Amino acid sequence: MSFFSRIFQSSKTKTPADLSSLKTDIHSHFLPALDDGSKNMDETISMMREIEKMGYKKLICTPHIMSDYFKNSPETILPVLEKVKTAIAAEGINLELSAAAEYYVDFDFERKLKEEKLLTFGKNYLLFEISYLHPPENLNHVIFNMITQGYKPVMAHPERYNFWHSKFNMYEEMIEKGVLLQLNINSLTGYYSIETKRTAEKMIEKGMVSFIGTDCHHAGHISLLNKVVYEKSLHQLLQSGKLLNANL
Ligand SMILES: [Fe+2]
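So the mapping is simple: this note's numbering equals the position in the sequence shown, first residue as 1, plus 1033.
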């Protein structure tokens, strides 16, 4: 392919990708009033109604657990999950719900890892995120501890960590250490940044993505999902045979 045809080649398809093949979303902030996601039950119900229309069958809700901003725990999350299950059943929304969490690797995470039973999904998958400003100094130690304690670490939205955009080998290093990578679907629209989109596409090209998630916080994220289904890279990822979403 020539230089010019490569530049002008569209990244879009005419037909939308079928998200129902994913069956399960593994990363979202649908549970109300626990973090910076849904503000109340009405918003939760409205978003779940939309996500059901897209073909999802199961949602693993993952509220933030941080030591400062969102001090969640199984005790705050699980009762809310039960309330939402009841509410959506009354609305006739047919989605299977469960909850895990998005753990932030901060100063207190290693203590939690040592002393508490953490919320996981599937085969003991543990979703974690790191700072957007710089990687934590103890990251390798934390990963080692997660694995030795029997967890399977899943890094949330690696493509959004700008400090690694020019150090792509760090993503490969994460995989070598036993970390699975979870891409945000909406990264493929360019919503976060063009560099985030390019990094996500490169991960797809190299077959590095194990999970895909909506990371849905509000209705705007759902509107974007209706656009991202026309991205070629999403089609490529869904056909890659690498995604584990449907096996949960
Ligand atoms: Fe998230």
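Note that beta-carbon positions come from the ideal geometry of N, C-alpha and C, so glycine has one too. Treat the numbers as computed from the prediction; the structure is a model and nothing was measured.
- For alanine 1279, the shortest separation between its Cβ and any heavy atom of ligand 1 does not lie below 8 Å.
- In this structure, lysine 1091 and leucine 1216 do not form a Cβ contact; the two beta carbons are roughly 18 Å apart against a cut-off of 8 Å.
- The C-alpha of isoleucine 1237 is placed about 6 Å away from the C-alpha of leucine 1270.
- Contact check between the stretch 1217-1227 and the stretch 1261-1269: three or more CB pairs, one atom from each, fall below 8 Å, which counts as touching.
- The stretch 1114-1121 makes no contact with the stretch 1157-1174: fewer than 3 CB pairs, one atom from each, lie closer than 8 Å.
- Put simply, the stretch 1248-1267 touches the stretch 1072-1085. At least three CB pairs are less than 8 Å apart.
- For proline 1107, no pairing in a beta bridge is given by DSSP.
- Just measuring C-alpha positions, the residue of His1190, Glu1234, Thr1181, Tyr1225 sitting nearest leucine 1214 is His1190.
- Shown here, glutamate 1085 sits in a helix according to DSSP, grouped into three states.
- DSSP lists no bridge partner for asparagine 1173.
- Setting aside the 5 residues that flank it on each side, leucine 1064 is surrounded in the same chain by Gly1070, Ser1071, Thr1077, Cys1094, Pro1096, Ile1110, Val1113, Leu1114, Val1117, Ala1132, each with a C-beta closer than 8 Å to its C-beta; the list follows chain order.
- Assigned with DSSP and collapsed to three states, isoleucine 1059 falls in coil, not helix or strand.
- The closest CA to that of proline 1168, considering only Asn1195, Glu1143, Gly1183, Pro1186, is found on Asn1195.
- Proximity to glycine 1246 across Thr1181, Phe1142, Met1188, Glu1205 peaks at Met1188, based on C-alpha coordinates.
- Bounds of any alpha helix (DSSP H) do not take in asparagine 1157, whose DSSP letter is neither H nor E.
- Restricting attention to Lys1156, Phe1142, Lys1047, the CA atom closest to the CA of isoleucine 1176 is found in Phe1142.
- About 6 Å separates the beta carbon of leucine 1067 from that of asparagine 1105, a gap short enough to meet the 8 Å contact definition.
- One residue after another in chain order, those with a Cβ under 5 Å from a heavy atom of ligand 1 are Glu1135, Asp1248.
- Contact check for methionine 1099 against leucine 1052 fails: the beta carbons are separated by 9 Å or more.
- For lysine 1185, the enclosing beta strand (DSSP E) stretches over residues 1185-1189.
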